[in-house]
Amino acid sequence: MKKFSVGYVSVLTAKWIATLILLSIILVLFIYSGESIHQIGFGFLSETWNPGNGQFGMLSMLYGSMAVTTIALVIALPFSIFGAIYIAEYSPVKYRLFLKSAMELLAGIPSIVYGLIGVAVLAPLTGDLFGLTTGRTIATAGIILALMVIPTILTLCEDAFSQIPKSYRENGFALGLTRYEVLKNILLPIAKPNVMAAILLGFGRAIGETMAVMLVIGGIDKLPQPIYQLFTPGQTLTSKLGREVGETAFNSLHFSALITLGLILLLIVLTFTLVSKYISSKKFRSA
Amino acid sequence: MRFIKPKSFFSVGRLVAFCFLLFTSISCVKSGRETIKIDGSSTVTPILDKLIEVYKIQNQDVNITLNSSGSGTGINLVGEGTIQIGMSSRDIEQAELDRFKNVKFVTYPIGKDAVIAVVSSEIYDAGVKALTREQIQDIYLGKIKNWKELGGPDKSILVIDKEKSRGTRHVFMEYILGNKDAEAPGAKLVLGSNNEEQTAIAQSDVAIGMISLNWLNKDVKGLGLIIGDKTIEPNRENILNGTYPIARELFLVTNGQAEGNTKKFIDFILSDEGQKVVNDLGYVSIKN
Amino acid sequence: MNRITKDKLFIYCTKLIIGISLVIVFSILLFILYKGYKGLNSGFILTESKSFGAEGGILYQIIGSLMLTIMAGIICFPIALGAAIYDSEYLKNPKIKSITSTLIFGLNGVPSIIFGIFGLIFFVNILGTGISWLVGSVILAFMILPTALTASRQTMESIPKKYREASLGLGLTKWQMIRSVIIPQSFSGSLTGLFIGLARAIGETAPIMFIATAFSGVTIPYNFLQPAVTLPTHLLNLAQNAVNPSALQNAWSTALVLIFLVVVFNLTAMILRFKFKTYTPQR
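Chains as they are written, first to last, in the numbering used here: chain D, 93 to 379; chain F, 231 to 518; chain C, 13 to 295.
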């Protein structure tokens, strides 16, 4: 019975462990959010969060997460895409490694360090610059987050361009096109799905980021007044979890409500991640 | 391509065996030195931090770990039996007693403290030095939005609230709004520990917040309370003689009477030597 | 505007943007270096922290972080290696292959705070381990598993078929072939992946802050069920106290040490990639 050698059994076990982690995370969150989904139900769709009175409205957190992530992507996208185009297409080869290492260095800075920069430098600066009562705002969190997702999106976009074979560019140049025209008419259409995938993955990363956002966003469970005023404090799903999970009794309704927030966050992130994988799996293959 | 000679230590079998041994050994080490685990109020944390430092000089063989996640957490963890000592800056509530029906909570008062309405030093220096309970109430309810209405500069107020599980907030809101869970619609920021609140108030020049006596400094000034025609300054004398109204006792909480090392440590805290530490840190000892 | 100007303008724009990015990267790094360097000395690294880290050093935080990370590596590596072997040598059904690789890809996207919550529920409460550094290591190991696994699998799949055929032709059993060809040939590629994962693990706060760390009072955990103090959670405490000058100074120095450790792990990964050129996948 060769198939059941110790080696086979151990690699099979490893495979099972690796496969089951994600499923058990989803399962555990699902079980522990059950109580609150049952008891609160549509009560989640209100603005007030006051566990003392049994109110668990998550609208402000959903709004905050979306707003912060959108700001981050709006700032990060031009940097990532143009930066990726420069590194992949125009930079001299000798600089390429340097530029990529710089991006890896930026990607390696832990999120808590960004949080420190946010609290100690960026938040006071934003407050003074815009004459706000406090610099801990949704917009500040968005700016910090933008810095954090640029390396992720840039690296993936760079891959999208640099995996296109050289012959495509050479053909374009031979037809007398300029570098810009080659990029716009030949390379961009080919790289587009992977660039989209990179953006979606960046979105998933950004919405799940906790520490930096938690320290600078202000932690108040309220929708901004008016709703488009982003220079006001707010709350995101992650900052709520980071601040409250450790402070809540296990098995209470409050705990269960927080787990529901976590489950929603996880489902949003998984959707974006998997859609991104689906798009990029239909990737371009060289002839 | 160089072919690397097979080496036996790369064997997966051995790695698996190693891990298996590792995990079995984990289950065996549950015994060992007794650890006292402490968690709870961020107001009480500095006292315990210092007390542990002093206590360890004489008792090097005990192991004491300290966390600081708020009074609510401390009480919950004691109820769940995860930790030996909870720190609390408020009384145990009925809801908590109900949740842990089988647990007999024992509380040990270790000191006194006051929760003080504080403002940024810029506001204090501009002349807002004391407020009535009703004025603070209106600020937290969002009825007063500008310091001008209180005799200060023409600047809007940055109202800082605390997370709802924090003991400091319970005591403060109980006095100001009459209910520890009351909503504060005027709040602009919601923060956690005393440190975090102190930082935000110091960074701002228009903030009001609530904080323990010990966190006042040159950037974070305590407001007097105007009651009737008297102004009660937030200082040690007024807390000692009981005239400052937003005062509280600080507790340690255990599950049943403390025993063994835990009891020894609590006895040390309640001794003259321990209480001197409490006093030296700027809190008010129970011996007074 | 003619075509040539347009072309030049566009390239100028990309240059400008990459220039701005570089300025941002280096100003962040130089800023931390400048702020952190002032408080950095042997006393800071080799002493215990006092009064919430506002005084003293970060000796036990460094030790705690390294313990957590290295243990995460020890737990993660056999699982990653084993699962990768199964994928590349045994798994033939394309459907199962795509489902399981999707699950791993999904795991890679799970927000770090979710790992923390999962650890809190599953280990600390259901299994009743209490707050323990080992639980933190297990959770970090889960978190970096996709990185390590994918790197191992890519290396193994890039080993030419003739190596396998040659060793099987010599009469080795399949498992002997895996032991003597696949594992040694892919070892450095797998280690590279592991170290890239560890570089991420050492800086993470959210997964461990509920389940593995204490605020103070911990020196070196003497058994697996003790909490540890770590650099990222220490930094979290200090960041909340960012107005006290000496706490802030210690925060910058701690941040610098943390980034240094991240760079060390990343460099180790790079050295492994270049030094042992077996089948290390090139990105």
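Glycine included, every Cβ here is placed at the ideal spot set by N, Cα and C.
Keep in mind that this is a model prediction, so the values were computed, not measured.
query: Residues of the segment 417-434 of chain F with Cβ closer than 7 Å to any Cβ of chain C, in chain order; result: Ser423, Asn425, Glu426, Gln428, Thr429, Ala432 and Gln433
query: For valine 349 of chain F, three-class secondary structure by DSSP; result: strand
query: Separation of aspartate 391 of chain F from valine 358 of chain F, as counted between CA atoms; result: 19 Å
query: At least 3 beta-carbon pairs within less than 8 Å: the segment 163-173 of chain C vs the segment 86-102 of chain C; result: yes
query: Beta-bridge partners of serine 386 of chain F, as assigned by DSSP; result: F:Asn376
query: DSSP state of valine 450 of chain F mapped onto helix, strand, coil; result: strand
query: For leucine 279 of chain D, the first and last residue of its enclosing beta strand (DSSP E); result: From DSSP, leucine 279 of chain D is part of no beta strand (DSSP E); its letter is neither H nor E.
query: Enclosing beta strand (DSSP E) for phenylalanine 481 of chain F [first to last residue]; result: 477-485
query: Among F:Glu310, F:Thr303 and F:Lys506, nearest to glutamine 318 of chain F - alpha-carbon criterion; result: One point to set straight first is that residue 318 of chain F is serine, not glutamine, in the sequence displayed. Nearest of F:Glu310, F:Thr303 and F:Lys506 to serine 318 of chain F, Cα basis: F:Thr303.
query: Same chain, Cβ closer than 8 Å to leucine 296 of chain F, five either side skipped, listed in chain order; result: Ile268, Asp269, Thr275, Leu278, Asp279 and Ile282
query: Per DSSP, cross-strand counterpart(s) of glutamine 147 of chain D; result: D:Asn142
query: Contact between the segment 325-345 of chain D and the segment 303-317 of chain D (3+ Cβ pairs under 8 Å); result: yes
query: In DSSP terms, what tyrosine 61 of chain C is bridged to; result: According to the sequence displayed, residue 61 of chain C carries serine and not tyrosine. Note: serine 61 of chain C sits in a beta bridge opposite C:Gly68.
query: Same chain, Cβ closer than 7 Å to glycine 219 of chain D, five either side skipped, listed in chain order; result: Thr226 and Gly227
query: Residues of its chain near alanine 213 of chain C, where Cβ-Cβ distance is below 7 Å and the 5 sequence neighbours each way are ignored; result: Thr81, Ala84, Leu152, Met155 and Ile156
query: is_contact[valine 292 of chain F, chain D] using C-beta, thresh 8 Å; result: no
query: Exposure of asparagine 286 of chain D, with buried meaning 16 or more beta-carbon neighbours within 10 Å; result: buried
query: Beta carbon proximity, serine 298 of chain F to chain D, threshold 8 Å; result: no
query: Every unbroken beta strand (DSSP E) within the segment 172-202 of chain C, with a cutoff of 3 residues, ordered by chain; result: none
query: Contacting residues, own chain, Cβ-Cβ under 8 Å from asparagine 278 of chain C (five flanking each side not counted); result: Phe207, Ile208 and Ala211
query: C-alpha gap between serine 373 of chain D and leucine 247 of chain C, whole angstroms; result: 39 Å
query: For leucine 388 of chain F and serine 152 of chain D, the rounded distance between their alpha carbons; result: 20 Å
query: Helix, strand or coil at phenylalanine 335 of chain F according to DSSP, with G and I counted as helix; result: strand
query: Straight-line Cα distance separating asparagine 465 of chain F from serine 501 of chain F; result: 25 Å
query: DSSP bridge partner residues for valine 420 of chain F (one or two, in chain order); result: F:Asp391
query: Distance between beta carbons of alanine 283 of chain D and alanine 252 of chain D, contact taken as under 8 Å; result: 4 Å
query: Per DSSP, the bridge partner or partners of serine 442 of chain F; result: F:Val345
query: Proximity of serine 228 of chain C and phenylalanine 56 of chain C at Cβ, strictly below 8 Å; result: no
query: Reference asparagine 293 of chain F, options C:Asn256, C:Ala226, C:Leu284 and C:Val274, closest by Cα; result: C:Ala226
query: Contact with chain D by leucine 388 of chain F, beta-carbon distance below 8 Å; result: yes
query: Contact under 8 Å by Cβ, proline 339 of chain F with tyrosine 405 of chain F; result: no
query: Span of the beta strand (DSSP E) around methionine 306 of chain D; result: Element bounds for methionine 306 of chain D: not the beta strand (DSSP E) but the alpha helix (DSSP H), 303-308.
query: N- and C-terminal bounds of the beta strand (DSSP E) containing tryptophan 263 of chain D; result: It is worth fixing the name first, because residue 263 of chain D is asparagine in this sequence and not tryptophan. Looking at the DSSP string, asparagine 263 of chain D is not in any beta strand (DSSP E); the run it does join, the alpha helix (DSSP H), is 258-266.
query: Start-end ranges of the alpha helix (DSSP H) lying completely within the segment 309-357 of chain D, minimum 4 residues; result: 329-336
query: For isoleucine 223 of chain C and isoleucine 143 of chain C, believed in contact at Cβ under 8 Å, the rounded distance; result: 6 Å
query: 8 Å Cβ cutoff met for threonine 492 of chain F and isoleucine 287 of chain F; result: no
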